[in-house]
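Presented below is the structure to which this report refers.
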Ligand code: NAD
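Numbering (my numbering), first residue to last: 517 to 774.
Quick look at the structure:
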């Protein structure tokens, strides 16, 4: 079988957290287009159900929706159990759910800090280890975590210390798990997007006015689009990336190059 044929995900099963919209919706659609059966996992079950129906209709794959708060250990365990049961296994996952709380450090409350770390970093530990435990015991798999260029640089002008710290933690968690599981068939990688046009950026009243300033700083002069991140995730989920683990892929139109 040729390389391009081997990049397809026929027969594979996976889930995407934060899959109801934005980046996660786009990677879930790409996974299904590549031949996988996919679970759309999200706090917002109604939107996840609409997304699942839309992707199933477009691709003919089995696409299910699972409601889950990724900060809850019990809910993540129940979600993985139900994905395995309903799809018949688990070969890959994209741990992608995240939020951004902007507040100056000297007025950020401890509750705001903890919420951002909980949704963006503690959830990755839960998703990766609970899905990873299944994969370790069942023939291996591939885990993709969404970090951010904010793991590499401090964004300006908006103050977002908790977000930046959480995403830096995602990359070190990714590398740590990759090393622990390197000889046991489970690969763990991350993507670090730059500014991407999703509800997180376009619909936030705090961030919307900043887009022109970010674009003025960006070498390409524009936001990225979710579609521009999806093919690397298909590659990471599939078998042709078998020597790729512990890597972080910066997809930012060169924003972090200077
Ligand atoms: P989005 O807000 O459009 O979508 C996020 C999804 O996650 C939503 O459907 C939301 O319901 C879900 N979610 C939030 N909290 C959850 C929880 N506790 N449990 C389950 N689901 C939950 O955001 P997006 O722009 O698509 O971002 C996706 C990921 O990409 C995030 O981790 C974000 O930090 C990261 N990222 C985004 C950008 C960007 O510019 N948009 C840049 C770099 C990284």
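C-beta: ideal position from N, C-alpha, C; glycine also.
* Near ligand 1: residue 748 beta-carbon under 7 Å from a heavy atom -> no
* Asked: Which whole runs of the beta strand (DSSP E) in the segment 726 to 774 are 3 residues long or more, in chain order?
  -> 764 to 767
* Every unbroken beta strand (DSSP E) inside the segment 643 to 712 [3 residues or more] -> Here the runs fully enclosed are 657 to 662, 702 to 709.
* Asked: residue 566 to residue 595, Cα distance in whole Å?
  -> 18 Å
* Asked: Does the separation of the CB atoms of residue 753 and residue 664 fall below 8 Å?
  -> no
* How is the beta strand (DSSP E) around residue 538 delimited, first residue to last? -> Here residue 538 belongs to no beta strand (DSSP E); instead the alpha helix (DSSP H) covers 538 to 549.
* To do: In angstroms with no decimal places, state the Cα-to-Cα distance between residue 653 and residue 760.
  => In a straight line, the C-alpha of residue 653 is about 20 Å away from that of residue 760.
* Pairing CB atoms from the segment 740 to 752 with CB atoms from the segment 698 to 711, are three or more of them under 8 Å? -> yes
* Alpha carbon to alpha carbon, what distance is there between residue 533 and residue 717? -> C-alpha of residue 717 to C-alpha of residue 533: approximately 18 Å in a straight line.
* Asked: How about residue 715 and residue 538: are their beta carbons less than 8 Å apart?
  -> yes
* Collapsed DSSP secondary structure at residue 579 in the structure displayed -> strand
* To do: May I ask you to list the residues that DSSP assigns as paired with residue 556?
  => Beta-bridge analysis with DSSP links residue 556 to 532, 581.
* To do: Just grab the DSSP bridge partners of residue 609 for me.
  => Paired residue(s): 531, 659.
* Asked: According to DSSP, is residue 592 helix, strand or coil?
  -> In the structure shown, residue 592 sits in a helix (DSSP, three-state: H, G or I).
* Within 8 Å, strictly: CB atoms of residue 531 and residue 599 -> yes
* To do: Apply the 10 Å Cβ neighbour rule to residue 774 and answer buried if 16 or more other Cβ atoms are within range, or exposed otherwise.
  => Counting the other CB atoms within 10 Å of its CB gives residue 774 a total below 16, which places it among the exposed residues.
* Name the two residues that bound the continuous alpha helix (DSSP H) containing residue 632. => Here the alpha helix (DSSP H) through residue 632 covers 626 to 633.
* Asked: Is residue 714 near ligand 1, in the sense that its beta carbon is under 7 Å from a heavy atom of that ligand?
  -> yes
* Run through DSSP, which three-state label would residue 525 get? -> coil
* Taking 7 Å as the cut-off, is the CB of residue 751 close to at least one heavy atom of ligand 1? -> no
* To do: Note the first and the last residue of the continuous alpha helix (DSSP H) segment covering residue 718.
  => 715 to 718
* To do: Just confirm the distance between the C-beta atoms of residue 544 and residue 554, as a whole number of angstroms; I'd bet it's less than 8 Å.
  => 5 Å
* To do: Give the straight-line distance between the Cα atoms of residue 678 and residue 638, rounded to the nearest whole angstrom.
  => 13 Å
* Asked: Does the distance from the C-beta atom of residue 571 to that of residue 582 stay below 8 Å?
  -> no
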